[in-house]
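For the sequence shown, our numbering begins at 2 and goes up steadily by one.
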Amino acid sequence: MSADIESFISKNCPWGKLPDSAKLLLGNSEKEYEKSVLQYSIKNQLRFLRSFHRDEKSYYENVLQYSRSHLMLYPYHLSDYIVTRMRITPFQYYISVMQAPVSQDLMEQERSYDSLPNFTATDCLRLLGIGRNQYIDLMNKCRSSKKFFTVRRKSVRDLLPSKPVSDVPIEPWWVISVGYVTEDDIKASPTQLLLEIVDKVIDDGPQRAGTLKEDDVRSLYVKGLVYLDVPMDDHDCISVPPLEGFVMNRVLGDYFETLLYKIFVSIDGNTPLSELATVLQIDLQLVKNAVSMYCRLGFALKKNKDVSNLDPSWLTVNSKSINSCRCFTRKWRRKGASWGSPTPRRTLRASTNPVSEVHEQPAGPCSSQDLSVGNRVKRIGFLFDSNLTAFLMMGNLSLGLKSHAVTMFEVGKLSDESLDSFLMELKKVGDAGEGEAQRYFDHALTLQDTVRFLRNNASISPEGPAAGEAATPTSGLGLDLVRCESLQNLDAETCARLLNKNYALLVSMAPLSNEVRPVTSCTPPHLGPAIPEVNSSWFKLFIYFVSGRGPPSLLVCKGTRLRMLPSDHDKLLVTTWGHDPGTVPTSCSLITLNDALTHSAVLIQVRGRSLHLHLQAGSLADKRVAYGSLTNVRNKLVNHPAVESLAEELRLRLSCGYMTLMRMRTSEADDDVPNLDDWTLLDCCFGVPLFDNALNKDICARILDHNLCSADR
């Protein structure tokens with residue numbers, strides 16, 4: 002099915018209103034369009050409509066078959082039919098999903114645990130208790146029980162659990178509804194009390210789990226007699242703490258997973274779901290379905306949940322649930338609480354009335370005043386790319402840092418509420434690294450300094466203090482760390498609306514990977530690349546043209562075949578189109594270049610010794626940062642003709658970042674008093690660098706000196 006046809010179907014466009022070009026794609030057949038609508042509905046787990054399919058049960062069987070074959074999440078929003086009419090619970094669905102990867106046919110293909118998509122694997126872990134290690138053990142047992150003389154010693158189903166894990170997380174504000182109950186279920190019920198609860202739910206309708214005994218609710222759910230709904234209201238607000246228990250396997254790319262990632266980066270604790278749906282221009286019910294899934298998996302916390310009139314049994318179990326009723330405040334986070342603990346049924350410390358204790362907490366971020374749009378305070382957004390999260394995860398820098406790095410990558414954002422614990426973990430990172438690992442340590446330590454500089458700093462608040470309020474050291478704005486690639490999942494207009502709603506200032510990390518299309522913005526103001534093309538090889542060629550300086554460079558078109566290269570230089574800087582540059586020895590570069598040219602254009606440059614200068618040319622004589630013997634070199638190079646001309650042409654005094662100059666040759670002059678002719682311009686990057694702590698501090702200091710964040714700049 003073409004993307005154009007899917008677009009018309011998603012907009013509920015009837016056949017009569019389709020343009021002729023779309024009808025032509027369907028062979029001018031209305032029946033083909035109806036088939037496409039049916040396929041789209043099954044693929045996107047939509048509710049049954051008799052207009053295009055007569056048999057409701059057959060339709061939902063097709064939905065489950067498609068979802069199962071593509072390893073999609075269980076369609077919880079269809080539970081009212083799939084559970085009550087077809088008796089297929091989430092547990093049974095995931096059992097059938099897990100049976101496929103361990104069956105003989107797929108065993109021969111050696112399908113690994115990584116074949117399960119991220120959210121599906123997480124839900125399997127939650128319900129079945131099967132994670133990576135358990136899956137590997139299951140596969141080994143399955144191999145050992147292969148057919149021998151046409152007899153299998155143990156079936157695959159016998160290796161899988163027979164019921165959901167007993168400590169599956171259940172929140173007291175969730176709603177229970179009756180599933181598919183048969184006479185055999187009634188006869189097998191261990192107590193009359195459970196039957197009375199089932200009768201109550203049948204007679205009075207769905208019940209809030211917290212009004213019943215926790216053990217009874219859990220027992221009914223494990224037996225499959227009831228199913229759980231996670232209700233969401235238009236005005237509910239959701240916060241996303243650092244992820245715990247998230248399974249990082251692979252991205253499936255189905256409609257619901259795409260929606261989950263879009264909302265992940267867009268959601269914040271002060272935006273009601275109705276407003277979020279308006280900003281994203283997504284149907285409100287779809288937003289509710291996605292947020293309901295977050296809460297079900299334990300990745301999000303509902304801030305305005307109803308915890309009144311709870312049965313006493315809920316007060317001594319599920320400490321995560323009770324603690325999450327408290328507002329998601331920095332004070333609570335500083336106590337070192339663990340969100341999403343793998344052991345959710347811990348006992349609370351004794352209290353005479355824990356529920357009243359929850360309600361007596363002072364109003365925090367989830368107070369009604371903060372939820373109003375008029376009183377919402379915008380924040381600063383620090384834009385980073387996936388390389389930073391890779392450095393934080395690959396370096397084994399701190400045991401507690403990984404969950405924050407996973408959140409930054411998967412959610413696409415680490416909100417201000419989580420930064421206190423994030424800074425505590427960064428503080429544990431040492432400064433003693435070796436080899437390539439030193440790069441990871443440097444980025445972590447410099448990121449810590451950058452977060453402390455940008456966060457709650459009254460000197461870089463574009464909006465300034467409120468009227469009649471004096472500026473204080475903590476009167477600045479909060480800070481969110483936002484991943485550029487996650488914003489690219491949104492269309493340009495939606496991204497602009499989201500950034501303008503939440504942020505007063507954007508600051509980019511420098512340099513961003515060439516594989517990333519930088520976020521550009523005039524509103525809110527942005528200290529970073531002005532246009533996406535800044536992050537391309539074209540910009541390099543442009544600054545060489547403007548400044549009249551640059552290394553010998555050759556841009557070679559895709560498909561060209563090189564026969565020889567100059568041998569005057571030992572190394573070449575090779576930039577494959579859309580990727581980061583790499584250094585290649587000239588002696589072995591010809592084969593590498595010709596291989597790259599078969600699939601991409603390539604920029605080839607001479608490689609020399611490089612040195613970084615910050616962008617505020619003309620003020621470099623201020624020696625805030627001691628660079629040892631390089632200080633004099635740096636101060637002298639600020640007067641380099643390329644630096645001066647580029648600073649004037651691009652008005653670099655209005656931005657922040659650094660230039661990279663490269664030493665092409667070595668003259669007889671003293672290294673501390675360099676010959677300007679020995680150096681040439683290599684690159685110009687906009688933003689705040691994290692790879693060099695001294696350069697970072699210098700640029701941050703000059704942001705204040707030049708007052709770059711004031712409203713009149």
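Heads up, the beta-carbon is just placed ideally off N, CA and C, and yes, glycines get one too.
Please read these numbers as outputs of a predicted model, since none were measured by experiment.
- The region 88 to 99 makes no contact with the region 234 to 244, as fewer than three CB pairs between them are under 8 Å.
- Approximately 37 Å separates the beta-carbon atoms of residue 305 and residue 114; this is outside 8 Å, ruling out the contact.
- Here residue 581 is not near residue 481, since their CB atoms are 7 Å or more apart.
- For the options 536, 639, 693, 585, the alpha carbon positioned closest to that of residue 684 is the one of 536.
- The distance from the Cβ of residue 398 to that of residue 430 is about 5 Å, consistent with a contact at the 8 Å cut-off.
- Relative to the Cα of residue 522, the nearest Cα in the group 279, 309, 641, 382 belongs to 382.
- Residue 32 and residue 50 have their C-alpha atoms roughly 16 Å apart.
- Counting of Cβ neighbours within 10 angstroms places residue 505 among the buried residues, the total reaching 16 or more.
- Distance from the Cα of residue 159 is smallest, within the candidate group 171, 420, 140, for 140.
- Beta-bridge partners assigned by DSSP to residue 382: 481, 507.
- With a cut-off of 8 Å on Cβ pairs, the region 562 to 570 is in contact with the region 593 to 609, counting three or more such pairs.
- A contact is defined here as three or more CB-CB pairs under 8 Å, and the region 76 to 95 meets this definition with respect to the region 176 to 185.
- Residue burial is scored here from C-beta neighbours: residue 444 has at least 16 other C-beta atoms within 10 angstroms and is therefore classed as buried.
- Annotation: residue 660 is outside any alpha helix (DSSP H); the continuous beta strand (DSSP E) that includes it extends over 658 to 664.
- In summary, residue 405 is buried, with 16 or more beta-carbon neighbours lying within 10 Å of its beta-carbon over all protein chains present.
- Under the DSSP assignment, residue 143 falls in the alpha helix (DSSP H) whose first and last residues are 133 to 145.
- Between the region 506 to 518 and the region 688 to 702 there are three or more inter-stretch CB-CB distances shorter than 8 Å, so the stretches are counted as touching.
- Annotation for residue 584: the continuous beta strand (DSSP E) segment containing it runs 583 to 586.
- Between the C-alpha atoms of residue 206 and residue 174 there is a straight-line separation of about 15 Å.
- Between residue 286 and residue 658, the alpha-carbon positions lie close to 43 Å from each other.
- 210 is the residue among 301, 297, 210 whose C-alpha sits nearest the C-alpha of residue 316.
- When C-alpha distances from residue 588 are compared across 600, 571, 190, 112, the shortest belongs to 571.
- Fewer than three Cβ pairs drawn from the region 220 to 232 and the region 16 to 25 lie within less than 8 Å of each other, which leaves the two stretches out of contact.
- In the three-state reduction of the DSSP assignment, residue 530 falls in the coil class, being assigned neither a helical nor a strand state.
- Residue 265 counts as buried, since at least 16 other C-beta atoms from the protein chains shown sit within 10 angstroms of its C-beta.
- Contact between residue 272 and residue 238 is confirmed by a C-beta separation of about 7 Å, below the 8 Å threshold.
- Taking each of 172, 222, 274 in turn and checking the Cα distance to residue 307, the smallest one comes out for 172.
- When rounded, the separation of the alpha-carbon atoms in residue 440 and residue 393 is 10 Å.
- Contact check for residue 46 against residue 64 passes: the beta carbons are separated by less than 7 Å.
- Non-local beta-carbon contacts of residue 519 in its own chain, meaning distances under 7 Å to residues more than five positions away in sequence, involve 485, 509, 513, 529, 530, 533, 535, 536 in chain order.
- The beta carbons of residue 553 and residue 663 sit no closer together than 7 Å.
- At a cut-off of 3 residues, the continuous stretches assigned as beta strand (DSSP E) that sit fully inside the region 218 to 253 are 227 to 230.
- The alpha-carbon of residue 542 is positioned some 10 Å away from that of residue 604.
- Residue 411 counts as buried, since at least 16 other C-beta atoms from the protein chains shown sit within 10 angstroms of its C-beta.
- If you keep only unbroken beta strand (DSSP E) runs of at least 3 residues inside the region 545 to 580, you get 554 to 557, 572 to 577.
- Excluding five sequence positions before and after residue 277, the CB atoms of its chain that fall closer than 8 Å to its own CB belong to 264, 267, 268, 288, given in chain order.
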